[in-house]
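Line order of the protein sequences matches chains Z and H. Throughout the first sequence, residue numbering follows the numbering used here, covering -6 to 108 in sequence. Throughout the second sequence, residue numbering follows the numbering used here, covering 8 to 121 in sequence. Where a beta carbon is used, it is the ideal one built from N, C-alpha and C, also for glycine. Every value quoted in this text rests on a predicted model; they were computed, and no experiment measured them. Here's the structure, in structure tokens; my notes come after.
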Amino acid sequence: GAVVSQHPSWVICKSGTSVKIECRSLDFQATTMFWYRQFPKQSLMLMATSNEGSKATYEQGVEKDKFLINHASLTLSTLTVTSAHPEDSSFYICSARAPGYTEAFFGQGTRLTVV
Amino acid sequence: GENVEQHPSTLSVQEGDSAVIKCTYSDSASNYFPWYKQELGKRPQLIIDIRSNVGEKKDQRIAVTLNKTAKHFSLHITETQPEDSAVYFCAAKLEYSSASKIIFGSGTRLSIRP
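Written out as structure tokens, the structure is:
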């Protein structure tokens, strides 16, 4: 299968600061990547679809000014949580579809804790 | 809107018995249905999937069935083992002319009793 790498695996930040999470496709080019958020014991909620070279498509209820997505190259998408608050603490996971595959491959996730 | 419902939320079965998890979807544009297994703190791992032109698919102890008319699909695990304990998510892929996305069910926490 294809490999998607996410960095960092975990991060602790102070309330009010911004945090950037990277999602990389290591052995394929991904024109589209997806960002999910998962609260403890809950499902993966799609936040936005990241499109290389264009604006991301956000799901209803997700603040685009708070969750900035940049997909500047075919192998990298970033999610920046701006002015983080404790309620933003969650597990953030990216995924991407590789050419020739129907299924999505997931990064290992980033556990964000805002204190 | 798009919605995937999953039942039950928790399931406990005796080792060696079978486990069944059921999902329904709302959007008839859905054409691909993967199942993921997620262990605590780890990424979801694809365990089996089925496309909308197929009614059933089996891979060793795992099988998935799809009823397009009723818009529901199920995961069947036979001869369960302790390592099957995890959270399982069903999902449905919606395909539009210019985009596609995968929507997840709420998850089922499966526990295998020794």
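Neighbour list for residue i in chain H, Cβ cutoff strictly below 8 Å
{"i": "Gly102 of chain Z", "result": "Gly48, Lys49 and Arg50"}
{"i": "Ile86 of chain Z", "result": "Arg50 and Pro51"}
Chain H residues whose Cβ lies nearer than 7 Å to that of residue i
{"i": "Ser36 of chain Z", "result": "Phe96, Phe111, Gly112, Ser113 and Gly114"}
{"i": "Thr106 of chain Z", "result": "Under the 7 Å cutoff, chain H gives no residues; its nearest Cβ is about 13 Å from Thr106 of chain Z."}
{"i": "Leu39 of chain Z", "result": "Lys108 and Ile110"}
{"i": "Phe99 of chain Z", "result": "Arg50 and Pro51"}
{"i": "Thr42 of chain Z", "result": "Ala106 and Lys108"}
Alpha-carbon spacing of residue i relative to residue j, whole angstroms
{"i": "Gln7 of chain H", "j": "Pro89 of chain H", "result": "Nothing in the structure corresponds to residue 7 of chain H, since chain H is present only between 8 and 121."}
{"i": "Asn10 of chain H", "j": "Gln45 of chain H", "result": "20 Å"}
{"i": "Ser25 of chain H", "j": "Gln67 of chain H", "result": "13 Å"}
{"i": "Cys6 of chain Z", "j": "Thr68 of chain Z", "result": "26 Å"}
{"i": "Ala49 of chain Z", "j": "Ile69 of chain H", "result": "36 Å"}
{"i": "His83 of chain H", "j": "Val107 of chain Z", "result": "39 Å"}
{"i": "Lys108 of chain H", "j": "Arg104 of chain Z", "result": "23 Å"}
Per-residue DSSP class, three states only, for residue i
{"i": "Asp24 of chain H", "result": "coil"}
{"i": "Asp91 of chain H", "result": "helix"}
{"i": "Asp66 of chain H", "result": "strand"}
{"i": "Lys81 of chain Z", "result": "The displayed chain sequence assigns Asp, not Lys, to residue 81 of chain Z. Note: Asp81 of chain Z maps to helix in three-state DSSP."}
{"i": "Thr31 of chain H", "result": "strand"}
{"i": "Leu47 of chain H", "result": "coil"}
{"i": "Asn60 of chain H", "result": "coil"}
{"i": "Thr72 of chain H", "result": "strand"}
{"i": "Thr106 of chain Z", "result": "strand"}
{"i": "Phe32 of chain Z", "result": "coil"}
{"i": "Cys1 of chain Z", "result": "Sequence inspection shows Pro at residue 1 of chain Z; the Cys mentioned does not correspond to that position. Three-state result, Pro1 of chain Z: coil."}
Chain-ordered neighbours of residue i on chain Z, where CB pairs are closer than 7 Å
{"i": "Tyr32 of chain H", "result": "In chain order: nothing, as chain Z lies at least about 14 Å away."}
Closer than 9 Å at the beta carbon, the chain Z residues around residue i
{"i": "Asp56 of chain H", "result": "Thr95 and Glu96"}
Partners in chain H for residue i, counting only beta-carbon separations shorter than 9 Å
{"i": "Thr50 of chain Z", "result": "Ala106 and Lys108"}
{"i": "Thr71 of chain Z", "result": "Those do not exist, as Thr71 of chain Z stays about 18 Å from chain H at its closest Cβ, beyond 9 Å."}
> Given a limit of 7 Å on CB to CB distance, which residues of the segment 103 to 119 of chain H reach chain Z?
Replying inline: Ala106, Lys108, Ile109, Ile110, Phe111, Gly112, Ser113 and Gly114
>> Taking beta-carbon pairs under 9 Å, can you tell me which members of the segment 14 to 44 of chain H lie near chain Z?
In response: Tyr39, Pro41 and Tyr43
> Closer than 9 Å, Cβ to any Cβ of chain H: which residues of the segment -3 to 26 of chain Z, in chain order?
Replying inline: Val(-3), Gln(-1) and Thr25
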